[in-house]
Structure formats: C-alpha cells, structure tokens
Amino acid sequence: MSHNDIFKDVLAAPLGEMISEIGTGVAEAQFAIDAKTIENMKQIYSSDDETVAELRNIGYRPTWYVIPEATAEINMALSLRQTQDRNGNRKTELQGTTVAASYQNQSEFNVQASSKLTLKFLPVPAPIQVDNLNIVPHVVGQPLATAKVLLGRLGIDHQVKPANAADSKIVTATSLKAGEFIEADQRLELII
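In structure tokens form, the structure reads like this:
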C-alpha cells in the first residue's frame, strides 16, 4: 500500500462526517487500550512463567488507562454546498476542507497549515464489572494443595473431583481453561 493510499487528502466533506470520524478514532483507540489490558490480565493468570507466577501470587492486576479528553485543532476552509434531488428538493450542507499544504498551493488559500492532537492518559480503576470477574490461574500439573491455596487467595470457589482426592494428587484438568474469565458466582472444577 502506498503512502497516497494511507494518507489521503480529504478534498471536501460534510463537517458532521469529519467530527464523527475524529470521535470514532478516539473510541477505537480507547477500545484498543482496554483490549490490551484484558489481554495482559489473561496472560498473567494463564502463564506458568516463574516471574509471572509471583505477580499473580501477590494479586497484581494491570492498570487501566483512559483517554479523558482528546483535542483536535484542524485548520479548514468552510463552504456551503447546495444540492437538489430529482423532486426539486434542495439540501444545504456545511462542508469543510482541511487546509493542508497541497490545498493551500492548489487554491492559493492563505492560512498556515497546522494540526494538533493532544491526548492525556490517566490511570483509572478497572470498570466495576471487572471486580465480579476473575481469571482462572494455571493450576493444571500442580499438586491439589497448591491449587487450593492459589484459588483461595484469588477468591475462586472450587470443587474437587473426586471429592476425596488427597492434597498431594496432581490437578490434571479444570472445567475452565487457564486465562478464561470466571464470574464470582461460578465454581471451578478441579479434576484429579
């Protein structure tokens, strides 16, 4: 893909569409930030790496970030465009043309081109719903006693099958895979 395909100049577009595109871009950025935090949470609780296990054991959770405000300053030329449909109805639309160097040169528009986007990232608490969720830790292959201690620290209700299994037995499977979400009212089955 060429740079021309990636960075297209918008010749003229309705002002509402321009504003909508900026808002959509901010929303997509926030979604990507949230998705990465969830991915990090899953990685912490599904990995059997020793360092990650230590983070998990102390109750570490990734920080949530939010874009509380985004300011876009765009120089543009505004114009009114009137169209008429087949029935003779007229529609007037306010259109904006961004003032980039190419537009200035083509139309001899005398404004210095500049665009500014300011993002401010702040750590925030996780959404309230996240407090009702936990992530299944990696317990397969561990002694039952170790799995019970870890699940107890995380507040995950669990049930052992068979119920009379000795704490020295090894967990061979769980009802949910490591890294999956488990709700506060769900019970995790540990299979010996």
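Counting in our numbering, the sequence shown runs from 222 upward without gaps. Note that CB positions come from ideal geometry on N, CA and C, so glycine has one too. These numbers were taken from a predicted model, which means no experiment stands behind them.
With DSSP as the reference, identify every bridge partner of residue i, one or two as the case may be.
i: V287; result: L343
i: Q305; result: R311
i: T245; result: Answer is none; T245 lacks a bridge partner.
i: I412; result: K382, A394
Going by other Cβ atoms of all chains shown within 10 Å of its Cβ, with 16 needed for buried, is residue i buried or exposed?
i: N385; result: exposed
i: L301; result: exposed
i: T395; result: buried
i: A366; result: exposed
i: A368; result: buried
i: R408; result: exposed
i: I403; result: buried
i: V332; result: With a pLDDT of only 46 at V332, under 50, the local geometry of the prediction cannot be trusted, and the value read off the model is given with reservation. V332 comes out exposed.
i: I265; result: buried
i: V392; result: buried
Rounded to the nearest angstrom, what separates residue i and residue j at their Cα positions?
i: L343; j: P289; result: 8 Å
i: L236; j: V345; result: 33 Å
i: Y281; j: I356; result: 12 Å
i: H245; j: E401; result: Here residue 245 turns out to be Thr, not His, going by the sequence shown. For T245 and E401, the distance between alpha carbons rounds to 29 Å.
i: S241; j: G362; result: 51 Å
i: S267; j: Q303; result: 59 Å
i: A334; j: A405; result: Here A334 scores only 39 on pLDDT, less than 50, and its place in the model should not be relied on; the value that follows carries that caveat. Spanning the two alpha carbons is a distance of roughly 54 Å.
i: P358; j: A399; result: 5 Å
i: I259; j: D306; result: 49 Å
i: I254; j: M239; result: 23 Å
i: K390; j: W285; result: 38 Å
i: N261; j: V247; result: 21 Å
i: L411; j: T272; result: 24 Å
i: A256; j: A293; result: 24 Å
i: I413; j: L397; result: 14 Å
i: A387; j: P364; result: 9 Å
Say the cut is 6 Å; is the CB of residue i nearer than that to a heavy atom of the ligand ZN?
i: K390; result: Summarising the ligand content, the structure contains no ligands, and the ligand ZN is consequently not present.
* Asked: Residue ranges of each alpha helix (DSSP H) run of no fewer than 4 residues wholly in the stretch 341-410, ordered along the chain?
  -> 365-375
* Evaluate the contact criterion for the stretch 341-353 versus the stretch 369-388: three or more CB pairs, one atom per stretch, below 8 Å. => no
* Cβ contact check for the stretch 361-373 and the stretch 303-316: 3 or more pairs under 8 Å -> no
* Asked: Where are the alpha helix (DSSP H) runs, 4 residues long or more, that stay fully inside the stretch 251-285, in chain order?
  -> 271-278
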